[in-house]
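Single-structure report; data block below.
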Amino acid sequence: MTTLITGVSGHLGSLILEHALTRVPAGELVAATRHPERVGDLGVEVRAGDFAGDLSATFAGVDKLLLVSADGPDERRIAMQRTAVRAAVDAGVRHVLYTSVTDADTSPLSLAAAHRATEEAIRETGVAFTFLRNGMYHENYLNPGPVVTASGDGRVASASRDDLALAAAVALTGAGYENTVHELTGPRAWSFDELAALRGTTHTRVTGAERVAGLEGFGLPGFVAGLLADIEVNIGRGVLAEVRPDLEKLIGRPPTTIEDAVRAL
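If you're matching positions, the sequence shown starts at 7 in the numbering used here and goes up one per residue.
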């Protein structure tokens with residue numbers, strides 16, 4: 007059994023690989039990244055893999071694939087991920103796991119569009135699938151300084167990146183996860199006023215338009231600023247507040263709380 011993990015030069019992919027290495031022999035794992043020269047010795051075979059290029063060699067001999075979602079504007083992201091899915095099937099991959107987003111098939115988040123399209127592309131192939139629908143990361147909200155959001159009184163059931171990586175590694179290396187969907191959240195939904203209090207700072211509430219302008223002022227590209235502001239506006243509408251049991255079931259323990267994440271800073 008050969009299992010390949012993409013995106014291992016990124017924060018999530020690298021953590022997934024670390025957890026997978028504690029669960030199966032290194033000889034069963036292959037890592038893929040656009041820039042193999044940047045990752046050094048990972049303890050496993052490393053292959054070049056660019057979703058915008060030829061992936062036949064990347065996926066050759068692979069039985070199970072964990073596709074870590076790419077970054078970029080929706081149109082480009084969807085095209086690249088569909089290309090990767092087709093290449094995987096052409097190479098004979100029998101099971102595709104994909105890091106998606108909460109309620110990808112029904113969510114109003116603009117972020118969900120690319121994930122929804124990729125899930126559909128995977129389903130259409132007929133191969134076994136596992137959708138790991140990650141909620142927001144605690145780490146997204148731990149930057150120093152005052153808290154500024156367009157979320158109002160909204161709550162978000164975020165989870166730690168490491169817990170989500172462990173969940174992915176469990177599904178990737180375990181048995182019985184074919185054709186399953188996992189909604190992965192933290193153990194409770196918290197507000198940004200609560201977060202500010204935990205961090206000893208303040209929460210400033212702004213409109214969605216003001217938030218986009220502020221993020222662009224920090225140098226973020228327009229599509230990224232719009233995406234982040236849209237998430238915050240939807241948090242204010244209660245879109246990401248539901249707590250699900252799936253993460254605790256996968257990792258076998260209560261997920262890390264936002265309080266623990268703040269204390270660990």
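Cβ atoms here follow ideal geometry from the backbone N, Cα and C, with glycine treated the same way. Quantities reported herein were computed from a predicted structural model and do not represent experimental measurements.
Residue burial classification, residue i (beta-carbon count within 10 angstroms, cutoff 16)
i, result
"Pro227", "exposed"
"Met7", "exposed"
"Gly55", "buried"
"Pro193", "buried"
"Glu125", "buried"
"Leu72", "buried"
"Arg319", "Residue 319 cannot be examined here, being either before or after the span of the chain that is shown, 7 to 271."
"His41", "exposed"
"Lys255", "exposed"
"Gly98", "exposed"
"Gly3", "A question about residue 3 goes unanswered here, because the residues of the chain that appear run from 7 up to 271."
For residue i, the nearest candidate out of the options (CA to CA)
i, options, result
"His17", "Gly214, Leu172, Ala202", "Leu172"
"Ser166", "Arg44, Val52, Ile257", "Ile257"
"Arg129", "Ala118, Ser113, Val91, Asn149", "Val91"
"Leu48", "Ala58, Phe57, Gly33, Phe137", "Gly33"
"Pro152", "Asp169, Val99, Thr207, Thr131", "Thr207"
"Leu23", "Glu238, Thr210, Asn149, Val176", "Val176"
"Pro114", "Glu200, Leu271, Glu238, Leu253", "Glu238"
"Pro261", "Phe198, Phe229, Thr191", "Thr191"
"Leu271", "Asn146, Ala215, Leu103", "Asn146"
Terminal residues of the beta strand (DSSP E) in which residue i lies
i, result
"Ala37", "35-39"
"Glu43", "It is not in any beta strand (DSSP E) - Glu43 carries neither H nor E in the DSSP assignment."
"Thr9", "9-11"
Euclidean distance between Cα positions of residue i and residue j
i, j, result
"Asp266", "Ala93", "41 Å"
"Asp96", "Thr131", "10 Å"
"Arg301", "Gly67", "The displayed coordinates of the chain run from 7 to 271. Any statement about residue 301 would go beyond what the structure contains."
"Ala219", "Ser20", "32 Å"
"Phe135", "Phe65", "16 Å"
Reduced DSSP secondary structure (H/G/I, E/B, other) of residue i
i, result
"Asn146", "helix"
"Ala93", "helix"
"Ser62", "helix"
"Val187", "strand"
"Arg53", "strand"
"Arg88", "helix"
"Ser197", "strand"
"Ala76", "coil"
Check: residue i C-beta below 8 Å from any heavy atom of the ligand NAD
i, result
"Gly214", "Ligands displayed in this structure: none; no statement on the ligand NAD is therefore possible."
Terminal residues of the alpha helix (DSSP H) in which residue i lies
i, result
"Thr108", "Here Thr108 belongs to no alpha helix (DSSP H), and DSSP marks it neither H nor E."
"Val153", "Per DSSP, Val153 belongs to no alpha helix (DSSP H); it is in the beta strand (DSSP E), 153-155."
"Arg211", "Segment 209-211 is the beta strand (DSSP E) holding Arg211; no alpha helix (DSSP H) there."
"Thr136", "Run containing Thr136: none in the alpha helix (DSSP H); it sits in the beta strand (DSSP E), 134-140."
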